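Counting from 11, one number per residue, gives the positions in the sequence shown under the numbering used here. Note that CB positions come from ideal geometry on N, CA and C, so glycine has one too. Keep in mind that this is a model prediction, so the values were computed, not measured.
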Amino acid sequence: MTGSCAAAPKNNGEDERDSSMAMSNLFPKFSRTQDGLDVVMEQRLLQATNRLILKSETCTGCGICIEACPEEAITLGRLGGYGKGAVIDDAKVSIDAEKCSYCGVCVIMCPFNALNLKIDEEEKLPILEKEGFPEYDMVTEIDEEKCVRCTICDEICPREAIDRDVPLFE
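Structure follows, in structure tokens:
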């Protein structure tokens, strides 16, 4: 005896191939695809398919979804990134399909409605159905007593939604 186990079967690499094929058939399965200008992250489970859709043209890259994500699955994208002369990803944020829990917090928090969550092709927000997250009214008000009329809000708004008409001092 040379110290090897006599009961161990001989392995010519076949067992490893069989187990790797079995592993590829397990769920969940993840994918990231492009559907026109939309980026689709998909999680396929045995009985459900979750799809998080990022509308690239609507996203401003404000970063609210990045801060809101409990799984840290959202990062800043490679805005204007180039690889070998071609644009490789013009989305302002990047979502890791495997890290994402498909909870919908980012969908709720996005002020521009750039994210949609679909469960089996139906728009749903499981976190709202379980009353785990409050729904906010999207109303903006300016507190006239606190506003110093600097117009910075007008200058930095990524959607040009604010139009401040404040006279210039000379």
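According to DSSP, what are the bridge partners of residue i?
| i | result |
| --- | --- |
| Ser41 | Glu52 |
| Leu86 | Val103 |
| Thr59 | Arg54 |
| Asn126 | Ile63 |
| Glu132 | Ile129 |
Is the CB-CB distance between residue i and residue j below 8 Å?
| i | j | result |
| --- | --- | --- |
| Lys109 | Glu67 | no |
| Pro38 | Leu55 | yes |
| Asp130 | Thr59 | yes |
| Leu64 | Ile105 | yes |
Round the Cβ separation of residue i and residue j to the nearest angstrom and send it over; I've been treating them as touching at under 8 Å.
| i | j | result |
| --- | --- | --- |
| Arg159 | Thr70 | The pair is not a contact, with the Cβ atoms about 25 Å apart (cut-off 8 Å). |
| Phe40 | Gln53 | 6 Å |
| Lys102 | Gly114 | Rounded, the Cβ-Cβ distance is 20 Å, inconsistent with contact. |
| Val50 | Arg61 | 6 Å |
| Ile84 | Cys120 | Actually they are not in contact, since the Cβ atoms of Ile84 and Cys120 sit about 10 Å apart, beyond 8 Å. |
Considering only the alpha carbon of each residue, which of the options lies closest to residue i?
| i | options | result |
| --- | --- | --- |
| Tyr112 | Met119, Glu132, Cys120 and Pro136 | Pro136 |
| Cys163 | Asp173, Glu155 and Lys156 | Asp173 |
| Thr150 | Lys134, Ala171 and Gly46 | Ala171 |
Segment contact flag, the segment 69–81 with the segment 113–133, C-beta cutoff 8 Å, min 3 pairs
Flag = yes, the segment 69–81 and the segment 113–133 touch.
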